[in-house]
Amino acid sequence: MMSSNLIGELNAYCTEWSHALANMTEMESRIEYSSAELSRLLRRKDILVELLCSLVMGDKYPDIKKAMMFDNEFLLYSDPNRLFSLRLFIWEPGEYTSIHDHNSWGVIGPVSGEFEVVNYRRNGNAESGSAVLQETERLCLLPGETTSTLPLDDGIHKVGNPTAESILSLSIYGNALPRGYINEFDPATGEIRPLYAPQVKKKLLAIRALPDLDKSRSEDVLKQKREDRLEIIRTASLSALEKLR
Ligand SMILES: [Fe+2]
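Below you can see the structure in the form of structure tokens.
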């Protein structure tokens, strides 16, 4: 009884955000609003405790079968009009992401412990296959505090848990560019690697394997996928079609 009330309250927050964000056109105002609202939610430890209990019990919500980009990431809400999503992250002691970019704006903050955010600027030619990164800022956020990030080269960072305890963080991400991947950066070599969501990665594997199996069937399917919503699927389908010729 208790648990469904709290999960219901979380859903009420998100529904309210859906309405509010739909009425804002500027990215700046969406970020400002989301930061304030996330900060409010980060202080609701009762809701977060309930979410963790649900995860431990294997309840239907949050859905752990939903494949996410990072394996410590849980989808809590996805706006029906793709305006934003709310995600929970659980960080083990000393756990950090790689340095990465984003397809949308985002606001992030910890529920407990401390949360470290290191921001980078990408120098040099953005079109080239490698990147020179310069650290520009290092933040240590306390529970309830938030910071924001931006799409593509304007939002390159790594985040993680500098403490010796497991911690939680929440993120709100805005409407995403239909790129289909994010970039990971290796600061030592300058190498840039695409990181795909598991569903996209599996589709790419199939697109690349199909032309060798059946020419006419793959031509049909790949021609449809030339028009896919995601840029990476369109590109992969085009090169697979090239292979058929
Ligand atoms: Fe990030």
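When you read off a place in the sequence shown, starting at 1, and then add 31, the result is the number in this note's numbering.
Heads up, the beta-carbon is just placed ideally off N, CA and C, and yes, glycines get one too.
Just so we're clear, the structure is a prediction, and the values are computed from it rather than from any experiment.
Report the three-state DSSP secondary structure of residue i (helix, strand or coil).
{"i": "serine 278", "result": "The structure shown has nothing for residue 278, since the chain only spans 32 to 276."}
{"i": "arginine 61", "result": "helix"}
{"i": "valine 231", "result": "helix"}
{"i": "valine 142", "result": "coil"}
{"i": "isoleucine 238", "result": "helix"}
Taking buried to mean at least 16 other C-beta atoms within 10 Å of its own C-beta, is residue i buried or exposed?
{"i": "glutamate 68", "result": "buried"}
{"i": "aspartate 132", "result": "buried"}
{"i": "threonine 180", "result": "buried"}
{"i": "tyrosine 127", "result": "exposed"}
{"i": "valine 190", "result": "buried"}
{"i": "proline 111", "result": "exposed"}
Determine the extent of the alpha helix (DSSP H) in which residue i is found, giving its start and end residues.
{"i": "aspartate 87", "result": "The question names aspartate, but residue 87 is valine in the sequence shown. First-last of the alpha helix (DSSP H) with valine 87: 76-88."}
{"i": "leucine 119", "result": "Here leucine 119 belongs to no alpha helix (DSSP H); instead the beta strand (DSSP E) covers 115-122."}
{"i": "threonine 266", "result": "262-275"}
Have a look at residue i and residue j and give me their C-alpha separation to the nearest angstrom.
{"i": "alanine 240", "j": "leucine 201", "result": "37 Å"}
{"i": "aspartate 84", "j": "valine 142", "result": "The amino acid at residue 84 is misidentified as aspartate; the sequence shows cysteine. Approximately 16 Å, taken between the alpha carbons."}
{"i": "methionine 32", "j": "threonine 46", "result": "At methionine 32 the pLDDT is 42, less than 50, meaning the model places this residue with poor confidence; the figure from the coordinates comes in the next sentence. Looking at the two C-alpha atoms, the distance is approximately 21 Å."}
{"i": "alanine 267", "j": "asparagine 206", "result": "23 Å"}
{"i": "alanine 53", "j": "leucine 114", "result": "7 Å"}
{"i": "leucine 41", "j": "leucine 79", "result": "9 Å"}
In the DSSP assignment, find the unbroken beta strand (DSSP E) run with residue i in it and report its ends.
{"i": "valine 21", "result": "The question about residue 21 has no answer here: the residues shown for the chain are numbered 32 through 276."}
{"i": "leucine 199", "result": "198-205"}
{"i": "arginine 210", "result": "Neither: arginine 210 is in no beta strand (DSSP E) and is coded neither H nor E."}
{"i": "leucine 164", "result": "163-172"}
{"i": "glutamate 104", "result": "104-109"}
Does any heavy atom of ligand 3 sit closer than 7 Å to the C-beta of residue i?
{"i": "tyrosine 127", "result": "Because ligand 3 does not appear in the structure shown, any question about it cannot be addressed here, the ligands present being ligand 1."}
What are the residues that DSSP puts in a beta bridge with residue i?
{"i": "isoleucine 95", "result": "Paired residues: none, contrary to the question."}
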